[in-house]
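A.B. asks: Following this message is one structure expressed as structure tokens.
This is the structure:
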């Protein structure tokens, strides 16, 4: 039997040595971002996605081994563990296979079969199931088991009990269940009907739906589940009964025995009463698990580019949180995110109120030197955008952007927002959040539960633990890829840094409030409860711009400072050259010296040396700066302005199974169906686009009544 390390190496296509190193590092308490960034030599430069896949599979395989051991112990305690059964359990590749093998030995609730066994009918069932060709007919065998005291008064009573025992035995056959499971996955048909006649709903597509299980898409499975849960649909998985019975009878019925007809009838009862309902439930669960996994993966895929959107740094920004009855909430923040001014205007009340709002906002723009407006895309954003366009015509050089405000209200009502802005009410906090989302999306969005950010599908139906784990991993990965300024980062941002937790993040903030800004990475060791292991994991991801040591503001880990200095010396450069034009020569000098030779001289691996070179050439670099800048607008489009054939630039807002939603500057996002994403066949739109991408689209159709816009990316 293969070891867990061998299985992982085979599945991931990695060397066993690398897998073993990663498992050891994980067991020692190292985080994925730390392993991915600072232990590349140990794992052959796997990225954090591959490392997380390895971690997840490692946990599954360890749980599988634990369950195998538990099942063997439980069966052995009953005195029924044979060498053959032990081998079968050890070779079971999934938890489902282990449970199938354990099924006959598991403590069951009281069933018809257990009642029959209590009546002493198990020996009769054994004799019939043996199907001896020269044996007696079941009716003859049953005569010896009549017992009125136990309720077995007639031959029919005895045979009925024996049939119940045999039916359960067939249902508990692990090999049979495995074969049926495979057949159902391949051949079963999914059908759904309307639960209530003549009742329209969003599920009308599924009122007369037929699809082979093998071709079901994950979004269809989730839609069927929700429709059934809400009482609009009746869903069933159907395997051709004749096909199933042939498979069962080949497995359990021996031709030519006097018990053949009896066994065939018991097999039919077993399928109809036990196997079919059980296998359907199991398949529904398996389909749901696979659909959840796909949806979570898609959510994580969308979340990463959303968090990594390029920040619009260095400008005074005005955040507008649109609304009707309570007006449009306004917050002006400086280039560092500090609130300079707030107000509320009422542009939707009347033309006079709109002009008053424009005058008020112009005064704020002039007073604080506002360069950008960030407008939330919620209620009344259409009217607010129209007002903003009028406003910026009077303010040359000012532009605006529609910002996805999903989760802003969740944040503004949170305990964290109350601690951050105790002087503002909930609505004004939301305007601050919207402004900061334009300035630094990552720093602001980490304060919000990722589920509330709205870049997935059916997120409220997902298993919470798995969704939180997947999205938390994405947030952690993004924060550590960018790095964090230890002197300006909020507690929620620090909490996502490798090696830090709620307590250590809070203690860092308290320490700098009491002692002033950090002046070196080494000073972090003085923070209460931030021990040597936490420092090792976190230090490389924390930046200290105020430090006298230039390396403290790079991604170079303190453990590699000596190597970095030695490398510079060998290349004829000095630490004081970092951040100057002279450092541009470093890559060429490294190549001239020879990468392997230089790495050996500095006692580090080549991947670590390459990372150090990148950091020294661009100290304090932000990987988001290399991405396309977001679209800032100065004019507004309305739905009625759109005509088929128009070509526009837009920003991808959401990528789901069946298409891409694109913000083209009108209040309603347009849909590019998966068939319109590109000219070749793709399984998922994420193969071509990501959230935050700026794309060219052409309008195909506009349905003003239903507020739907159909777009294409083909031939643009």
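In our numbering, the protein residues as written are 2 to 717.
Quick reminder that beta carbons are idealized off the backbone N, C-alpha and C, glycines included.
Since this is a predicted model, take the numbers as computed values, not measurements.
#1: Exposed or buried, what is residue 258 when buried is set at 16 or more other beta-carbons lying within 10 Å of its beta-carbon?
#2: Considering only the alpha carbon of each residue, which of 193, 260, 210 and 217 lies closest to residue 229?
#3: Indicate the three-state DSSP secondary structure (helix, strand or coil) for residue 572 in the structure shown.
#4: Is it buried or exposed, residue 237, if we count other Cβ atoms within 10 angstroms and call 16 or more buried?
#5: How many Å lie between residue 593 and residue 691 at the Cα?
#6: Give the DSSP bridge partners of residue 654, in chain order.
#7: Which residue marks the beginning of the beta strand (DSSP E) containing residue 210, and which one marks its end?
#8: Under a three-way DSSP split, which group does residue 622 fall into?
#9: Assuming residue 165 is part of the alpha helix (DSSP H), what are its boundary residues?
#10: I need the straight-line Cα distance from residue 312 to residue 642, nearest angstrom please.
#11: Roughly how many whole angstroms lie between the Cα atoms of residue 396 and residue 363?
#12: Using DSSP with H/G/I as helix, E/B as strand and the rest coil, what is residue 228?
#13: CA-CA distance, residue 291 and residue 82?
#14: Where does residue 517 sit, in a helix, a strand or coil, going by DSSP?
#15: Roughly how many angstroms lie between the CA atoms of residue 132 and residue 191, to the nearest whole one?
#16: Give the secondary structure of residue 400 by DSSP, where H, G and I count as helix, E and B as strand, and everything else as coil.
#17: Taking contact to mean at least 3 C-beta pairs separated by less than 8 Å, is the stretch 106-126 in contact with the stretch 155-167?
#18: Does the stretch 336-344 come close enough to the stretch 397-406 that 3 or more CB-CB pairs lie under 8 Å?
#19: Under 8 Å Cβ to Cβ from residue 31, same chain only, skipping five residues before and after it: list those, please.
#20: Give the secondary structure of residue 508 by DSSP, where H, G and I count as helix, E and B as strand, and everything else as coil.
#21: Can the beta-carbon of residue 521 be found closer than 9 Å to that of residue 550?
#22: Using C-beta distances below 7 Å, list every residue in its chain close to residue 673, excluding the 5 sequence neighbours before and after it, in chain order.
#23: Kindly identify the DSSP beta-bridge partner or partners of residue 332.
#24: Quick one, which of 504, 501, 528 and 523 has its alpha-carbon nearest residue 513's?
#25: Beta carbon of residue 318, beta carbon of residue 392: below 9 Å?
#26: Indicate whether the contact test is met: 3 or more Cβ pairs, each with one atom in the stretch 544-561 and one in the stretch 606-618, closer than 8 Å.
#27: Taking 8 Å as the limit between beta carbons, can you name the residues of its chain near residue 359, skipping five residues before and five after?
#28: Could you check which residue in 286, 233, 444 and 371 has the C-alpha nearest to that of residue 198?
#29: Kindly indicate which residue of 377, 357 and 297 has the alpha-carbon position closest to the one of residue 332.
#30: Taking residue 239 as part of the beta strand (DSSP E), name the residues at either end of that continuous run.
#31: When you compare each of 385, 433 and 307 to residue 320 by their alpha carbons, which one comes out closest?
#32: Tell me the rounded alpha-carbon separation between residue 109 and residue 299.
#33: Is residue 226 buried or exposed, if buried means 16 or more other CB atoms sit within 10 Å of its CB?
#34: Tell me the rounded alpha-carbon separation between residue 665 and residue 386.
#35: What did DSSP end up calling residue 703 once you bin it into helix, strand or coil?
#36: For residue 285, which of 296, 222 and 274 has the nearest alpha-carbon?
C.D. replies: In short:
#1: buried
#2: It is 193.
#3: coil
#4: exposed
#5: Roughly 39 Å between the two C-alpha positions.
#6: Note: residue 654 sits in no beta bridge, so no partner.
#7: 209-213
#8: Coil at residue 622, not helix or strand.
#9: 156-172
#10: 30 Å
#11: 7 Å
#12: helix
#13: 33 Å
#14: The answer is coil: DSSP assigns residue 517 none of H, G, I, E or B.
#15: 37 Å
#16: strand
#17: yes
#18: no
#19: Cβ-Cβ distances below 8 Å link residue 31 to 40 and 538 in the same chain, with the five nearest sequence neighbours on each side left out; the list follows chain order.
#20: helix
#21: The answer is yes: Cβ separation under 9 Å.
#22: 660, 661, 663, 698, 712, 713 and 714
#23: When beta bridges are read from the DSSP output, residue 332 appears opposite 320 and 343.
#24: 528
#25: Taking a C-beta distance under 9 Å as the contact criterion, residue 318 and residue 392 do not qualify as a contact pair.
#26: yes
#27: 348, 388, 391, 392 and 395
#28: 233
#29: Comparing Cα positions, the closest option is 377.
#30: 234-239
#31: 433
#32: 39 Å
#33: buried
#34: 13 Å
#35: strand
#36: 222
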